[in-house]
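Enquirer: For reference, the structure I am asking about is given below.
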Amino acid sequence: MISEMDIKANLYEIAIDELKGFLTRDREENGQNPFTDYQILLFLTDNSKNIDYCVDEIYNAYLEHDKLDELVNPENELIREYLFNSDRFYVLSDIINNTTDDDDSDDDSDDE
């Protein structure tokens, strides 16, 4: 059986990939500038506790329903929907749809 640590590590990796997609592809599809690598790094750093919280919440929900086996190879869409609907990431829809480009001005010196 796969360990709790392995399941959570996998969930964390998927969550990071999905958040990067929200900040790049989804923004671009909505006519916004995608986040730069630096902006993504800042977002992920600022939200590391929220990511951990979401991973724990997903894990605990599946544990409670005795369905951990479904998290061995979870569908990315499950994690994506959870993140987008999570109260921990309520800012995602704002970031994707109407942007925080005003916040980008601080980062101009760091873009290469």
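For what it's worth, our numbering labels the leading residue of the sequence shown as 264, then goes sequentially. Built from N, CA and C at the ideal position, the CB exists for glycine as well.
Would you call D389 buried or exposed, if buried means 16 or more other Cβ atoms sit within 10 Å of its Cβ?
Expert: This structure cannot settle anything about residue 389, because the visible part of the chain is limited to 264 through 375.
Enquirer: From which residue to which residue does the alpha helix (DSSP H) around E276 run?
Expert: By 1-based counting over the sequence shown, the position of residue 276 is 13. Per DSSP, E276 belongs to the alpha helix (DSSP H) from E267 to G284.
Enquirer: Would you call the region 320–331 and the region 293–301 in contact, with 3 or more CB pairs under 8 Å?
Expert: no
Enquirer: Checking 9 Å against the spacing of the C-beta atoms, do N310 and R351 come in under that value?
Expert: The residue labelled residue 310 in the question sits at position 47 within the sequence shown. The residue labelled residue 351 in the question sits at position 88 within the sequence shown. The answer is yes: Cβ separation under 9 Å.
Enquirer: Measure the C-alpha to C-alpha separation of F306 and I314 and round it to an integer number of angstroms.
Expert: Here the question's residue 306 lines up with position 43 in the sequence shown. Here the question's residue 314 lines up with position 51 in the sequence shown. About 11 Å.
Enquirer: Got a sec, what are the start and stop residues for the alpha helix (DSSP H) T299 sits in?
Expert: Working through the sequence shown from its first residue, we reach residue 299 at position 36. Counting along the chain, T299 falls outside any alpha helix (DSSP H), and DSSP gives it neither H nor E.
Enquirer: Using the Cα positions of V318 and I342, report the straight-line distance between them to the nearest angstrom.
Expert: Against the sequence shown, residue 318 aligns to sequence position 55. Against the sequence shown, residue 342 aligns to sequence position 79. V318 and I342: Cα-Cα distance of roughly 9 Å.
Enquirer: Quick check on A278: buried or exposed, where buried means 16 or more other Cβ atoms within 10 Å of its Cβ?
Expert: Here residue 278 refers to the residue found at position 15 of the sequence shown. Buried, by the Cβ-count rule.
Enquirer: How far does the alpha helix (DSSP H) with K330 in it extend, from its first residue to its last?
Expert: In the sequence shown, the residue the question calls residue 330 occupies position 67. K330 -> no alpha helix (DSSP H), and no H or E assigned at all.
Enquirer: When burial is assigned at 16 or more other CB atoms within 10 Å of the CB, is D357 buried or exposed?
Expert: Here residue 357 refers to the residue found at position 94 when the sequence shown is read from its first residue. D357 comes out exposed.
Enquirer: If contacts are defined as beta-carbon pairs under 8 Å, then L346 and L282 qualify, I think. What distance do you get, rounded to the angstrom?
Expert: Position 83 of the sequence shown, counted from the start, is the residue given in the question as residue 346. Position 19 of the sequence shown, counted from the start, is the residue given in the question as residue 282. Going by Cβ atoms, the distance from L346 to L282 rounds to 6 Å, so yes, they are a contact pair.
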